[in-house]
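A short write-up of the structure that comes next.
In UniProt numbering, the protein residues as written are 1 to 254.
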């Protein structure tokens with residue numbers, strides 16, 4: 001599948017993948033801080049952003065999408081980074097195509113299984129009556145009946161776009177709802193990835209815990225784990241300077 005992406009900067013290629021319900025724009029602030037040193041590919045994963053929709057939605061397919069992107073860009077290898085769902089994608093990619101990854105960064109996710117915990121969000125998104133929404137505020141008001149948090153709604157509403165005189169979701173809501181179990185699946189592979197790998201978590205998040213260390217070291221023996229202070233799961237939004245600084249230090253280290 002030919003994915004949509006933004007390409008900015010100059011230098012060694014760094015491919016960044018967003019999380020569930022996200023898009024390439026989520027990492028634009030970080031990219032702007034790194035663009036003098038790296039060529040950044042900010043990617044919309046399938047069924048997200050402006051990338052195509054497909055009923056096939058799993059980590060093998062999403063990893064193959066990245067391989068296709070790299071081939072189309074003439075990239076033999078690159079630095080890869082993914083947040084949350086994107087982190088699962090890059091982990092799977094590293095198992096399938098280790099020769100294409102120079103270094104790996106996984107942001108606030110571990111290789112383990114995560115139970116589905118997006119039911120309320122999906123219920124709210126599916127309840128928005130797009131045909132009768134006259135404005136973005138109408139859609140937000142409908143979503144607010146299910147999601148109290150204004151910041152979460154603001155993030156989700158970035159997926160709302162104008163289409164044919166009305167509104168539509170950029171995400172493939174039907175397929176995501178039907179296959180939401182795919183997001184939390186554990187990494188399954190007989191392989192290991194031996195190149196430098198950084199697991200970067202938020203200190204206020206429970207997505208990467210000490211219990212995950214064994215799994216992480218089994219799949220990624222040349223890895224280390226850090227947690228950024230005053231950051232939760234959305235570490236790139238909460239602590240962008242610390243995230244950029246950490247990325248830069250890890251990638252520049254010999």
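Positions of the beta carbon are idealized from the N, C-alpha and C atoms, including for glycine.
Judging by CA-CA distance, which residue of the options is the nearest neighbour of residue i?
i           : options               : result
residue 208 : 146, 88 and 131       : 88
residue 77  : 71, 100 and 215       : 100
residue 256 : 239, 143, 29 and 39   : A question about residue 256 goes unanswered here, because the residues of the chain that appear run from 1 up to 254.
residue 98  : 114, 242, 53 and 80   : 80
residue 114 : 181, 210, 73 and 155  : 181
residue 178 : 148, 54, 147 and 13   : 54
residue 223 : 91, 72 and 241        : 91
residue 131 : 142, 166, 144 and 147 : 166
residue 117 : 154, 185 and 212      : 185
residue 60  : 154, 73 and 45        : 45
residue 73  : 27, 62 and 12         : 12
residue 218 : 191, 147, 229 and 238 : 191
For residue i, does the three-state DSSP call read helix, strand or coil?
i           : result
residue 72  : helix
residue 82  : strand
residue 170 : coil
residue 11  : coil
residue 163 : strand
residue 6   : strand
residue 179 : coil
residue 91  : helix
residue 252 : helix
Would you kindly work out how many angstroms separate the C-alpha atoms of residue i and residue j, rounded to a whole number?
i           : j           : result
residue 57  : residue 246 : 31 Å
residue 2   : residue 119 : 29 Å
residue 227 : residue 203 : 5 Å
residue 264 : residue 138 : Nothing can be reported for residue 264, as the shown portion of the chain is limited to 1 through 254.
residue 31  : residue 86  : 16 Å
residue 6   : residue 43  : 7 Å
residue 244 : residue 75  : 23 Å
residue 193 : residue 171 : 31 Å
residue 133 : residue 33  : 37 Å
residue 108 : residue 83  : 6 Å
residue 95  : residue 70  : 16 Å
residue 93  : residue 140 : 36 Å
residue 10  : residue 41  : 11 Å
residue 121 : residue 169 : 14 Å
residue 248 : residue 19  : 21 Å
residue 16  : residue 66  : 10 Å
residue 4   : residue 29  : 18 Å
residue 231 : residue 129 : 34 Å
residue 37  : residue 225 : 24 Å
residue 149 : residue 210 : 29 Å
residue 206 : residue 235 : 12 Å
residue 143 : residue 151 : 12 Å
residue 153 : residue 164 : 23 Å
residue 233 : residue 201 : 7 Å
residue 147 : residue 155 : 12 Å
residue 62  : residue 68  : 10 Å
residue 221 : residue 242 : 25 Å
residue 212 : residue 253 : 25 Å
Can you check whether the C-beta of residue i is within less than 8 Å of a C-beta belonging to chain D?
i           : result
residue 163 : Of the protein chains in the structure, only one exists, and it is not chain D.
Do the segment 147-164 and the segment 121-137 make contact, defined as three or more Cβ pairs closer than 8 Å? yes
Identify every run of the beta strand (DSSP E) within the segment 100-160, keeping only runs that are complete inside it and at least 3 residues long; order them along the chain. 101-107
List, from N- to C-terminal side, the alpha helix (DSSP H) runs of 4 residues or more that fit wholly inside the segment 182-244. 213-219 and 235-238
Does the segment 47-57 come within contact of the segment 13-29, defined as at least 3 CB pairs closer than 8 Å? Yes: at least three Cβ pairs fall under 8 Å.
Within 8 Å, do at least three Cβ pairs link the segment 188-199 to the segment 96-116? yes
Segments of 4+ residues assigned as alpha helix (DSSP H) that fall wholly inside the segment 15-62: 28-34
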